[in-house]
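Here my numbering runs 723 ahead of the position in the sequence shown, where the first position is 1.
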Amino acid sequence: MKVLLTSTLYPTPQAPKIVGGAEIFARRFAEGLAQRGDEVEVIRAASTPGQAPETCDGINVYSAPVRNVYLPFTEQKNVALRSIWHAVDDWQMQAPLIAERIRAFKPDVLHSNNLSGLTTAIWRVAAQLGVPVLHTLHDYYLTCPRCSRFDKGRSCEHTCTSCKLLTFHRKRATHWLSAVVGVSERVLSIHTDMGMFAETPIRTVIRNASTEPPRAPYPRPVCTTEVTFGFIGRLTEEKGIDNLMRALALLPPDRIRMLIAGRVSDEEQRRLRALAPDARIEFMGFVVPDDFYKQVDVVIAPSIWHDPGPLVVADAKAAGRPLLGTRFGGMPEVIEHGVTGWLTEADPQSLARSMLAVAADPHKIDEISRRLIADTNKWIFADVLSSYKNLYEQLREQRMSHMRAATTEAPQGAAVVGKERLIPR
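This is the structure:
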């Protein structure tokens, strides 16, 4: 199987930037396919002008020039400039590098992930060249220029006028898709409830699994005097970090210790500490996930947006750590309250009450942790790879059936899909 994988970011030595879980997934996924014997090429958005191709762990990685006023994930405070960027991204029709690699590599499927900077033009080009397109929903790019459906401290329940205008062509472009995958039921339903993917033949859910290498989970001894909670990830408003700090301010510092892993400036660290001046908080900075999970009893994910499928849930389970999450996004689908973790409301008062209740029963923490460690039916990354491979096989068979039918109907000419010639195999 030949797979052309696309992702806005794909971390390599020449372009190591990581913003969230999607690019971690993309690299682990590409490497997993290659290890199974599939041929994989990757196209990402260029992070510098004229970025050269790179081979990383045996996979050829190409960087597509970003045809816009600035590069993706570049902090811009100018509202007008941001609007221009999103308008340009929405109107893109050409993807020369995609066309070039399709003609050279001849993939069986194009699998797109995050799209900022690459745009839905990659779908159009691939489909017109006869390649089935599968898209994984890691965010809300198709409905929201910020990709988050989060604004002014709240998760958006409706699509505002500006978002409708700036994503008009993105939504229309979904008719080029052969399959769409949500990393949770929630992210898929938010799109389908808006009438999207009505023409997409395959709509399904494949949940995230831990992208960490397999290792033996590590139990922690029961401690009846204090409980160590841990937060790992981006320290941003939508991830609920401010609410977590305010919750800690309501809790007895002698019973609860808080570890926070993630990049944070000194200024932001001071601001967060000021929200809970008496709490016992340790900012760990960027750390290897194993170093984090070995030190915490309970992982907390206090998100206040519909996080599609946070990898922290899968990573915590793989490490044998119960997780306290909010009822947002994909978390309620993968946390069984009282069995694999706990669910709570996202406001500071509810978070504080839930953290206090969890800390009051350390033997329950130990029970859940041991249950997670002993689980022999875990959903692991190999299952994710197998699920996508099954989809790829479906798409390849459908493509071959269409080509055979088109050849039968037009024996004297080239096989045709729509108005475009299929590339020769």
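We put the beta carbon where it would ideally sit given N, CA and C, even for glycine.
Computed from a predicted model, the values in this text were never measured in an experiment.
Using only alpha-carbon positions, find the residue among T843, L967 and R938 that is nearest to I1096. Numbered from its first residue, the sequence shown carries residue 1096 at position 373. Comparing Cα-Cα distances from I1096 to each of T843, L967 and R938, the minimum goes to R938.
N-terminal and C-terminal residue of the beta strand (DSSP E) that R824 is part of: The residue labelled residue 824 in the question sits at position 101 within the sequence shown. Not the beta strand (DSSP E): R824 falls in the alpha helix (DSSP H), residues P819 to F828.
Less than 8 Å between the CB atoms is what I'm expecting for P783 and E754, so what's the real figure, rounded? Taking the first residue of the sequence shown as 1, we reach residue 783 at position 60. Taking the first residue of the sequence shown as 1, we reach residue 754 at position 31. According to the sequence displayed, residue 783 carries Asn and not Pro. At roughly 13 Å, the Cβ-Cβ gap does not stay under 8 Å, so N783 and E754 are not in contact.
For the alpha helix (DSSP H) that V698 lies in, which residues bound it at each end? An answer regarding residue 698 cannot be provided, because it is not within the stretch 724 to 1148 covered by the chain.
Tell me which residues share the same chain as C883 and place their Cβ nearer than 6 Å to its Cβ, disregarding the 5 neighbours each side in the sequence. Along the sequence shown, one-based indexing puts residue 883 at 160. Nothing meets the Cβ criterion.
Which residue from G1064, R993, A1039 and A1083 puts its Cα closest to that of D977? Position 254 of the sequence shown, counted from the start, is the residue given in the question as residue 977. Cα-wise, what sits closest to D977 is A1083.
Residue(s) in a DSSP beta bridge with E764: Indexing the sequence shown from 1 puts residue 764 at position 41. DSSP output for E764 lists L727 and N783 as bridge partner(s).
Would you check if the stretch 1037-1056 and the stretch 915-925 touch, i.e. whether three or more CB-CB distances between them fall below 8 Å? no
Would you mind reading off the limits of the alpha helix (DSSP H) that contains I1088? Taking the sequence shown and counting its residues from 1, one reaches residue 1088 at position 365. Note, I1088: alpha helix (DSSP H), P1085 to A1097.
Classify M981 as buried or exposed, calling it buried when 16 or more other Cβ atoms lie within 10 Å of its own Cβ. The residue given as residue 981 occupies position 258 in the sequence shown. By the neighbour-count rule (16 or more Cβ atoms within 10 Å), M981 is buried.
As a quick exercise: from E991, D1013 and K1017, pick the residue whose alpha carbon is nearest that of F1006. Translated into the one-based positions of the sequence shown, residue 1006 becomes position 283. If we check each option's Cα against that of F1006, E991 comes out closest.
Using DSSP bridges, identify the partner residues of I1023. Against the sequence shown, residue 1023 aligns to sequence position 300. Its beta-bridge partners are L1047.
Would you please state the rounded distance, in angstroms, between the beta carbons of R872 and Y863? I believe it to be under 8 Å. One-based indexing of the sequence shown puts residue 872 at position 149. One-based indexing of the sequence shown puts residue 863 at position 140. Indeed they touch by this definition, with Cβ atoms about 5 Å apart.
Per DSSP, what are the beta-bridge partners of T859 in this structure? Taking the sequence shown and counting its residues from 1, the one referred to as residue 859 is at position 136. T859 pairs with V904.
Distance, Y941 Cα to V1035 Cα: The sequence position of residue 1035 within the sequence shown is 312, counting from 1. The sequence position of residue 941 within the sequence shown is 218, counting from 1. Each residue's alpha carbon lies about 17 Å from the other.
Distance CB(A749)-CB(S770) smaller than 8 Å: For the purposes of this step, residue 749 is identified with residue 26 of the sequence shown, where counting begins at 1. For the purposes of this step, residue 770 is identified with residue 47 of the sequence shown, where counting begins at 1. Contact: no.
Does the beta carbon of F952 fall short of 7 Å from some heavy atom of the ligand MN? Judged by which ligands are present, the structure shown has none, so any question about the ligand MN falls away.
Is the stretch 928-937 close to the stretch 875-882, with three or more CB pairs under 8 Å? no
Per DSSP, what are the beta-bridge partners of G1008 in this structure? Translated into positions along the sequence shown, residue 1008 becomes position 285. According to DSSP, which records beta bridges pairwise, G1008 is partnered with A984.
If you reduce the DSSP assignment to three classes, tell me which class T866 lands in. Within the sequence shown, the letter at position 143 stands for residue 866. DSSP places T866 in coil when its eight states are reduced to three.
Counting only runs that start and end within the stretch 907-977, where is the beta strand (DSSP E) found for 3 or more residues in a row? 925-928 and 950-955
Since G743 is in the beta strand (DSSP E), which residue starts that stretch and which ends it? Within the sequence shown, numbered from 1, the residue matching residue 743 stands at position 20. Looking at the DSSP string, G743 is not in any beta strand (DSSP E), and its letter there is neither H nor E.
Indicate whether E746 and P734 have their beta-carbon atoms separated by less than 8 Å. The residue given as residue 746 occupies position 23 in the sequence shown. The residue given as residue 734 occupies position 11 in the sequence shown. Contact flag set, yes.
Take F952 as the anchor and find which of I979, T897 and G1008 has the nearest alpha-carbon. Translated into positions along the sequence shown, residue 952 becomes position 229. The shortest Cα separation from F952 among I979, T897 and G1008 belongs to I979.
With three or more beta-carbon pairs closer than 8 Å as the criterion, would you say the stretch 888-907 touches the stretch 1049-1069? yes
Outcome for D831 when other beta-carbon atoms lying within 10 angstroms are tallied against a minimum of 16: Residue mapping note: residue 831 aligns to position 108 of the sequence shown, counting from 1. Burial call: buried.
Quick one: Cα of D1098 to Cα of R1076, how far? Within the sequence shown, the letter at position 375 stands for residue 1098. Within the sequence shown, the letter at position 353 stands for residue 1076. The alpha-carbon atoms of D1098 and R1076 are separated by roughly 29 Å.
Using alpha carbons as the reference points, say which of A1039, L841 and A810 lies closest to I955. For the purposes of this step, residue 955 is taken as the residue at position 232 of the sequence shown. That would be A1039, whose Cα lies nearest to the Cα of I955.
L1066 bridges to which residues according to DSSP? For the purposes of this step, residue 1066 is taken as residue 343 along the sequence shown, with counting starting at 1. Answer by DSSP bridge pairing, in chain order: G1048.
Identify the residues that DSSP records as bridge partners of A738: which are they? Against the sequence shown, residue 738 aligns to sequence position 15. Note: A738 sits in a beta bridge opposite T735.
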